[in-house]
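Engineer: Residue numbers for the sequence shown follow the working numbering, beginning at 45 and rising by one.
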Amino acid sequence: SEQKNDNRDLIDNNEAQGIQDHQIEQMRQVGTHGSVIVDKLIENSSTFGQKTEFSKAKYIAKKQMKYQQRCRIVRCTPYSICEAVFSNRPRQLLNMREDTLGQILSHSNISAGCQVLVYEQCMGVITGALAWRMGGYGKILSIYDSQQPSFLEMIIIAVRYDPTATLLGLLPLLAPSSPFVVYCEYIEPLTECFMELQKKKLAINLRLSDTWMREYQVLPGRTHPSMNMTQSGGFILTGTKL
45 SEQKNDNRDL IDNNEAQGIQ DHQIEQMRQV GTHGSVIVDK LIENSSTFGQ KTEFSKAKYI
105 AKKQMKYQQR CRIVRCTPYS ICEAVFSNRP RQLLNMREDT LGQILSHSNI SAGCQVLVYE
165 QCMGVITGAL AWRMGGYGKI LSIYDSQQPS FLEMIIIAVR YDPTATLLGL LPLLAPSSPF
225 VVYCEYIEPL TECFMELQKK KLAINLRLSD TWMREYQVLP GRTHPSMNMT QSGGFILTGT
285 KL
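(1) Mark Y245 as exposed unless 16 or more other C-beta atoms lie within 10 angstroms of its C-beta, in which case mark it buried.
(2) Using a threshold of 9 Å, state whether the C-beta atoms of L304 and L161 are closer than that.
(3) Since Q147 and I63 should fall inside the 8 Å C-beta cutoff, what is the C-beta to C-beta distance between them, to a whole number of angstroms?
(4) Taking all protein chains shown into account, do 16 or more other C-beta atoms lie within 10 angstroms of the C-beta of M257, making it buried, or fewer, making it exposed?
(5) Have a look at H77 and I170 and give me their C-alpha separation to the nearest angstrom.
(6) With DSSP run on the structure shown, which of helix, strand or coil describes G182?
(7) Suppose you measure from the CA of V74 to the CA of Q113; what does that come to, to the nearest Å?
(8) Could you give the DSSP three-state label for Y260: helix, strand or coil?
(9) By a C-beta neighbour count over all protein chains shown, 10 Å radius and 16 as the cutoff for buried, is K183 buried or exposed?
(10) Excluding the 5 residues preceding and the 5 following H151 in the sequence, name in chain order all residues of the same chain whose CB lies nearer than 6 Å to its CB.
(11) Considering only their Cβ atoms, is the gap separating I86 from Y111 smaller than 9 Å?
(12) Should E232 be labelled buried (16 or more other beta-carbon atoms within 10 Å of its own) or exposed?
(13) With a 10 Å radius around its C-beta and 16 neighbouring C-beta atoms as the bar for buried, classify A247 as buried or exposed.
(14) Report the option in I104, R204, E259, D254 whose CA atom is closest to the CA atom of P269.
(15) According to DSSP, is S150 helix, strand or coil?
(16) Which runs of the beta strand (DSSP E) at least 3 residues long sit entirely within the segment 207-236? Give them in chain order.
(17) Would Y181 be called buried (16 or more neighbouring beta carbons within 10 Å of its own) or exposed?
(18) Would you report the Cα separation of S190 and L214, rounded to the nearest angstrom?
(19) In three-state DSSP terms, what is S253?
(20) Under 6 Å Cβ to Cβ from S253, same chain only, skipping five residues before and after it: list those, please.
(21) When we look at the beta-carbon of Y205 and count the other beta-carbons within 10 Å, is it buried (16 or more) or exposed?
(22) Below 8 Å on the Cβ atoms is my contact criterion, and I expect Q165 with A202 to pass it. Report the Cβ-Cβ distance as a whole number of Å.
(23) Go ahead and label C120 buried or exposed: buried means 16 or more other beta carbons lie within 10 angstroms of its beta carbon, across all protein chains shown.
(24) What three-state label does DSSP hand I280 in the structure shown?
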């Protein structure tokens, strides 16, 4: 439908709102419901009626976020945990997004009954995701202190340090024809690792990739990509040991 109003004559000079901050604070102190405060702000805004429908919706949503805070309970899954941690502390996950975590699980071919070695520095998110996927069946090893090599079915690495040295040190523990996955937030260390594995003929099906994700806002008349998105979710090196 055609918009009757536009925002061309609106000036953001902080004088459009008739209610002062101390009045809002008084309403909050006496326990006034957030919806009432939002309604009061709309009533006392001299420019609200001149805004477009989209601008009105954004204005209301912004005030509701401030005065009508909501809590949404979400079931804890590897996806939701990774998403929550990444949104606040991405460096703790080496900038690993939830879609990258899904790629790691997919390439590692993890399933119930597997025996997997994990070396990660991502707050245990990958280890927890593996345990969730295995459903209580199998073994997840993080430390090896035996004299006899126990051949593993897969290796997953996500570290800040040299992935090449780490993978080459752990490959002897991996059974032939078994997959491995190496995650790094930068492409250069994985490129070096790729070349080293290829040079020494230690693996086949080598693939170096990054996972790309675009989130869309889907609303009538205003569907567009999210305005705040990360540039990269890290890089993944996968392969099969010879």
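By construction, the Cβ of each residue, glycine as well, lies at the ideal position given by its N, Cα and C atoms. Given the structure is predicted, the values throughout are model-derived calculations rather than measurements.
Structural biologist: Per the coordinate set shown:
(1) In the sequence as presented, Tyr is not what sits at residue 245; that position holds Lys. By the 10 Å Cβ count, K245 comes out exposed.
(2) There is simply no residue 304 to check, as the chain begins at 45 and stops at 286 in what is shown.
(3) Not confirmed; about 50 Å, so no contact.
(4) exposed
(5) Rounded to the nearest angstrom, the two C-alpha atoms are 42 Å apart.
(6) strand
(7) 17 Å
(8) DSSP places Y260 in strand when its eight states are reduced to three.
(9) exposed
(10) V225, T282
(11) no
(12) Under the 10 Å beta carbon count, E232 is surrounded by fewer than 16 other beta carbons and is classified as exposed.
(13) buried
(14) E259
(15) helix
(16) 223-228
(17) exposed
(18) Confidence at S190 is low in this model, with a pLDDT of 47, below 50, so the placement of that residue should be treated as unreliable; the coordinate-derived value is given next. Spanning the two alpha carbons is a distance of roughly 14 Å.
(19) strand
(20) I280
(21) exposed
(22) 7 Å
(23) exposed
(24) strand
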